[in-house]
Structures are given as C-alpha cells and as structure tokens.
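In the order they appear, the protein sequences are chains A and B. Residue numbers for the first sequence follow my numbering, beginning at 2 and rising by one. Residue numbers for the second sequence follow my numbering, beginning at 78 and rising by one. The beta-carbon is built from N, C-alpha and C at its ideal position, and this holds for glycine as well. Computed from a predicted model, the values in this text were never measured in an experiment.
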Amino acid sequence: MKLDDIKFTDGNLQRRKILNRLMLSLCTIAAVLSVAPLLYVFFYTTFSGISALNIDFFTQLPKPVGETGGGMANSIIGTLILVTIGSLIGIPVGILSGIYVAEYSNNIFSNIIKFVTDVLSGIPSIIIGIFAYGVVVLTMGGFSALAGGFALGIIMIPTVTRTTEEMLKLVPVNLREASLALGVSRWKTSLKIVLKTASTGIITGILLSIARVAGETAPLLFTSFGNRFMSYSLTEPIDSMPVRIFNYAISPFEEWHKLAWAGAFILIFLIFILNLVVRFITRDKYSINN
Amino acid sequence: MNKSIPPHGTEKVIISRKKFSDLIFENLTFVFALMILGIVLWIIYEMYFYSGESRSAFGWEFIWSNEWEPVRKEFGALAFVYGTAVSSILALIIALPLSLGVAIFLSELAPKIIKSTLSFVIEILAAIPSIIFGFWGIFVLAPFMRSDLQPFLQKYFGYLPFFQGTPLGTGLLTAGIILAIMIIPIITAISRDVLKAIPQSQREAAYALGATKWEAIKMALLNAKSGILGATVLGFGRAVGETMAVTMVIGNRADINISFFEPAYTMASVIANEFAEASEILHLSSLIEVGLLLFGVTFLINSFARLLIFSVTRNAEGR
C-alpha cells in the first residue's frame, strides 16, 4: 500500500514537472509574441518612413491631389507651436499643483487633488478635445492653434503633476529641515532646495508628457483642425503632424501614403529620442538613489 | 537680557514678511491645484450642458436606440456602445494571457540582462502614438487579416456565428487585435510590479514544500490577483477610450452584428469622425452626449482599477 502511494506521487511529480516546463515555456512564448508586433510596428514605420524621406519633406508644403512631391513643413512647425502652447499651460500648472500635493499634503484636499489628477489622466483624449472645443473654439468662433494647444496642455497636466509629486517626495526630509533651520523661508526651501534637488526627475516627467502629446491626434481633429498652408497665427487653424498623417493615411493616394510614412517615422523618431533622453537621465538618478 | 543685535522690531518684521511670502506661495500652489479640480468639474459640466439638446430630445432612449441617422435627425448610441464594448473585450481576451505571460517572464524567469532589456523595449514601444498603430493597422494588419487570419478562422471555426461573413480585413476583430497590441505594455507593466510586490519569502516557502517553479508562481499569482485584476481593468479602460487606431481599422459603420468580421463603430471613433463636420446643433449635441457616456464609462472603469491596484501596492509600500 505504501509502495503504491510512492509510485503515485512519483507519477504526479512527473506530471507536475511537465506542467511546470509547459507553463514556463508558454510564458516565454508570450513574451516573444507580445514584443513581436510592437517591434514590427516600429521597424515597419522606420523602413517605410526612411525610404520616403527627402529634403522636400522638411521644406515643402503639402501639394494638392494629383501633384507629386510636397512635404510637411507646415505640419512640423504646427506641431512645434502646439506643443509649445501645451507646455506653457501644462508645465506651470502641473509643477505648482504637484508642489502643493507633495509639500502641503497634510489635509483632505490634497487627497482630493490626487484623486482628481488620476481622473484627469484617465479621461480619453478625444473628450479633452470636446472640452477644448467648448471652451476655446466656441468662444473664439473658430478652430485655432490656441484651442489645440489648450487641449494638449490639459493632457500634459496630470503627468507633470504626478511626477512632480513623486519626485518631491523622494527628496529627504532632512534637506528641508536643514534649509529651514538656516532660517530660509518655506517657499524658498520648496523652490530652491526641494524643487532643485528633484529637478532631474521633474524634467523627465515633462519630457515624457511632451513625447506623449506630440503624437496626440484625437483632441486636435476639431480644435486646431488642420491647414494646408504655413501658419504661425495662434487664432487660425494650424496643421500638425499627427492630423496630417491621419488625413493622408486614410486617403486613397499612394503619394500621400508615402508622405504619411515619412511623417510617422519622424514622429516616432522624435518620441524615441525624448524617451531615450529620459532613460539616460533616470539611469544616473537611480544609481545615486541606490 | 537681549543682545539685540538687530534693532528691536526688525526681527518681527522679517518673521512676518517670511510668513506672508510663505502664505502667498502656499496659496499660489493651492490655486493651481484647485485648477485641476476645476478643469475636471468643468469638463463634466460642459459635456452635460452641451448635450442638453440631445438629452431632452431622446432621453434615455438615446442609449437603447440603434438609429444613427444625421440626415433624419435620429440619434441613438447603442451601436457605438456595442462596438466599444466588443472591441475592448476582444482586446482584453487577447491581451490578458499574453501580458500575464510577459509579466511572469519578466518578474520570475528572465535573466537580469534580458529582463531589463525587454522591460526597456516594451516601455519605449508603448510610447508609439495611437495614430501610427492605426496606420500600420490599415496597411499591414488589415490585409493580413483579409488574406490569412480571417479565412483561417472561417475554415476551422466558421460554424460559430462570430466568424461568419465576408473577410473584409477591417472590423471588430482587427480593432480588437490592434487594441490588444496597444494595451499589452500597460497590463504587463502593472502586473509585473504587482508580482514584484509579493514577498519573495512566499515563493521560498512554496519551494521549501517541494513546489515546482510554476506552482510557486501560481501561488504568487493567486496573492496578486486583485492587483492583476486592477491592471486588467486599467488596460480595459485604455482600450475603451482609444480613438485613432480603432477609427482607422474598425470600418466605421453604425451597425450591430454578431460577427467579428463585420465593420462596427465605437463611441470614440464616431466623435473623431463626425465632430468637425457636424453642423446641426442636434448632431453636435448627440456626439457630445456620446462623449459624456464615454466619460462616465471610463471614469467608472478607472476608479475601480485604481482601487484594486491601491489595495495591493499599499501593503507593499508598508513593508
């Protein structure tokens, strides 16, 4: 009887070992399967983009249907302008509210702000677009760069707030105490000691949020709209790379698809550079922390 | 008694000035923090306000009606709710097992170099904008679906109603796959963190009792289940709100079909496609009501997810 038991366990062990190997291999396969499409998207865009890229892309305006050539000069400028407006709104609001949550966090209100920041970051960007439409487009009576930048700014706020808060909380308390003990006022301590110490991390957050909004399309469709011509005006509709790529991608014209791939590549390239810079910065920071 | 190096009174002035500037700074940051609350409330108010026209015209019928005919001024959102729900659920069904696999691989199996490289690659690829996934979807995924995957599914599972109809390439299934690719990084990242938060001693205890590696992992998974559920729900919320990629591959037709091959429409897509062209007040108002609906759904989903993730990581932070 006892022998039977052992035999049974033995067979069970075999089964368990096989299951073990099976599940572990499945996990490894899952890792490969998950990364493969992401890499595919990346390399496909890169190769299609590079082969369609030329100097005209950066210097020419979009050509009407039927004419070959043309570029996205206006869209590139437009995206730069939109991201700048967005940063002017998103960065100050994000940093200052982040300081509030981190430095004056001993009340219920800062918990409310934390919750609301989470809510804001979870709102789909298309809804931020509707908001910007109601606030800016309807008020100004038309699509404008300002409306698009406003939408991007709102999208940036939660990311910047959250990183500011997290980074400020990493700054050791004794740094604050040392500063306060020397008679430095609290706000100067916050700005010149705490914020300065955490600045690398906060810059990281800002770069990541810029990388995110640079590729945002949905909130721009009915705020900054698009413009076939070069525009520097804040009150006029303005082109942006994501919207131009969208319009070209769904068009039936081969020539436009090529331009869209080139645009997609430039967009990915910019976003990756920003992300790589961030990794580079944080790698240093983490090694100090550890 | 007093050494009184500063003349009497000066000290007081300095102190009160300090306090005053501190007060200004605190209130300044407070005002900016208040702005976030204001923005969120304003968003809700604005969508509620501008959807008034549609709400008074259709009432609750708006959610249950399948008619979306801008020309006849008939608006109902059911087809969009259906499209959003089905495409997001499909995405989840595809993404969840894969993400869990990757999370286990990253937290339990991979050697250190592979672990950090793979995490890095996944995180950086997660930054690819939605529009580029959509573009890739049109030119790579949709043709592949049309010529390979959909005929394959039809051949072997064609008796199921989900896989009937003409393989068009675009449609619910294609949207689900694109969404799955896009939400894998987020579910993976959070699940991996949750798994890492499970104390190593629990796995060691399992090993000590003679468990295989998989059995130890299963234990960790069991303990991490609410956190993993949170990650899943968060990924679901992301899929529900995703706009551009879906718009480009789902086919954009406001129909309700049981087949995953048929074109459909989502809440976010209809706003993206029709908002700029909507000239009728009622049309615009209906689109904004769709937005309000989308906001409500994502709000509930995200709050639920945060709650679940918080309940797990809170314990981990305490250690």
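Beta-carbon of residue i versus every beta-carbon of chain B: anything under 8 Å?
i, result
"Leu-260/A", "no"
"Lys-193/A", "no"
"Pro-173/A", "no"
"Met-141/A", "no"
"Asn-291/A", "Residue placement at Asn-291/A cannot be trusted, given a pLDDT of 33 that sits under 50; the coordinates are not used to answer."
"Phe-230/A", "no"
"Gly-79/A", "no"
"Met-73/A", "no"
"Phe-9/A", "Its pLDDT being 48, under 50, Phe-9/A is placed unreliably by the model, and the measurement read from it follows with that caveat. Chain B contact via Cβ: absent."
"Lys-18/A", "yes"
"Asn-13/A", "no"
"Leu-39/A", "yes"
"Thr-46/A", "yes"
Looking at C-alpha atoms only, which residue of the options is the closest neighbour of residue i?
i, options, result
"Ile-26/B", "Ala-293/B, Gly-211/B, Gln-231/B and Arg-223/B", "Nothing about residue 26/B can be read from this structure; chain B reaches only from 78 to 396."
"Val-42/A", "Val-367/B, Ala-382/B, Ile-333/B and Ile-215/B", "Ile-215/B"
"Glu-339/B", "Arg-223/B, Gly-178/B and Met-321/B", "Arg-223/B"
"Ala-162/B", "Gly-253/B, Gly-235/B, Ser-207/B and Glu-123/B", "Gly-253/B"
"Ala-180/B", "Ile-171/B, Lys-192/B and Leu-169/B", "Lys-192/B"
"Val-117/B", "Ile-114/A, Ala-31/A and Ile-96/A", "Ile-114/A"
"Ser-76/A", "Asn-248/A, Val-137/A and Leu-275/A", "Asn-248/A"
"Ile-264/B", "Ile-358/B, Phe-239/B and Pro-174/B", "Pro-174/B"
"Leu-256/B", "Trp-213/B, Leu-311/B and Ala-316/B", "Ala-316/B"
"Lys-259/A", "Val-33/A, Gly-123/A, Thr-46/A and Asn-13/A", "Thr-46/A"
"Ser-241/A", "Leu-62/A, Ile-56/A, Gln-15/A and Lys-18/A", "Leu-62/A"
"Gly-364/B", "Ile-127/A, Val-172/A, Ala-179/A and Glu-166/A", "A small correction: the amino acid at residue 364/B is Leu; Gly does not occupy that position in the sequence shown. Nearest C-alpha to Leu-364/B: Ile-127/A."
"Asn-112/A", "Ala-110/B, Leu-105/B and Arg-330/B", "Ala-110/B"
"Ile-348/B", "Ile-251/A, Ile-207/A and Pro-125/A", "Pro-125/A"
"Glu-123/B", "Met-141/A, Leu-268/A, Gly-130/A and Ile-100/A", "Gly-130/A"
"Glu-351/B", "Thr-309/B, Glu-146/B and Phe-376/B", "Glu-146/B"
"Val-108/B", "Lys-170/A, Tyr-105/A, Glu-217/A and Ser-186/A", "Tyr-105/A"
"Pro-93/A", "Lys-96/B, Leu-105/B and Pro-262/B", "Leu-105/B"
"Pro-228/B", "Leu-250/B, Gly-312/B and Arg-280/B", "Leu-250/B"
If we cut at 8 Å on Cβ distances, does residue i have a partner in chain A?
i, result
"Ala-283/B", "no"
"Ser-98/B", "yes"
"Val-163/B", "no"
"Ile-267/B", "no"
"Ile-263/B", "no"
"Thr-289/B", "yes"
"Trp-137/B", "no"
"Gly-307/B", "no"
"Met-78/B", "With a pLDDT of 43 at Met-78/B, under the threshold of 50, the predicted position of this residue should be treated as unreliable, and no value is reported."
"Ser-176/B", "yes"
"Gly-160/B", "no"
"Asn-414/B", "There is no way to answer for residue 414/B, as the model of chain B reaches only from 78 to 396."
"Tyr-127/B", "yes"
"Glu-123/B", "yes"
"Ile-258/B", "yes"
"Thr-194/B", "no"
What are the boundary residues of the alpha helix (DSSP H) that residue i is part of?
i, result
"Pro-228/B", "227-234"
"Asn-175/A", "174-182"
"Asn-112/A", "109-123"
"Trp-137/B", "Unbroken run through Trp-137/B: none, as it is neither H nor E."
"Phe-210/B", "207-213"
"Gln-279/B", "277-285"
"Gly-135/A", "No alpha helix (DSSP H) contains Gly-135/A, which DSSP labels as neither H nor E."
"Asp-240/A", "Element bounds for Asp-240/A: n/a, residue is neither H nor E."
"Pro-174/B", "155-181"
"Asn-329/B", "Where Asn-329/B is concerned, there is no enclosing alpha helix (DSSP H), given that its DSSP letter is neither H nor E."
"Arg-213/A", "200-215"
"Phe-59/A", "56-60"
"Ile-155/A", "146-171"
Is the Cβ-Cβ distance between residue i and residue j less than 8 Å?
i, j, result
"Thr-343/B", "Val-326/B", "no"
"Gly-227/A", "Gly-150/A", "no"
"Leu-121/A", "Pro-220/A", "no"
"Trp-188/A", "Asp-270/B", "no"
"Lys-189/B", "Asn-21/A", "no"
"Val-102/A", "Thr-190/A", "no"
"Ile-205/B", "Gly-307/B", "no"
"Thr-198/A", "Val-172/A", "yes"
*Below 8 Å, can you find three or more Cβ-Cβ pairs linking the stretch 232-247 of chain A to the stretch 141-150 of chain A?*
At 8 Å Cβ cutoff, the stretches touch.
*Does the count of Cβ pairs from the stretch 327-336 of chain B and the stretch 294-314 of chain B closer than 8 Å reach three?*
Contact between the stretch 327-336 of chain B and the stretch 294-314 of chain B is absent: fewer than three C-beta pairs spanning the two stretches fall below 8 Å.
*Determine, using beta-carbon pairs with one atom in the stretch 36-51 of chain A and one in the stretch 275-286 of chain B, whether at least three such pairs fall under 8 Å.*
No, because fewer than three Cβ pairs between the stretch 36-51 of chain A and the stretch 275-286 of chain B fall closer than 8 Å, the two stretches do not touch.
*Taking three-plus beta-carbon pairs below 8 Å as touching, is the stretch 146-159 of chain B in contact with the stretch 355-371 of chain B?*
Enough Cβ pairs lie closer than 8 Å, so yes.
*Do three or more CB pairs link the stretch 21-40 of chain A to the stretch 196-204 of chain B at distances below 8 Å?*
A contact exists between the stretch 21-40 of chain A and the stretch 196-204 of chain B.
*Between the stretch 367-375 of chain B and the stretch 110-129 of chain B, are three or more C-beta pairs nearer than 8 Å?*
Yes: the two stretches touch, three or more of their Cβ pairs being nearer than 8 Å.
*Examine the Cβ distances between the stretch 219-237 of chain B and the stretch 265-276 of chain A and report whether three or more of them are shorter than 8 Å.*
Too few Cβ pairs lie closer than 8 Å, so no.
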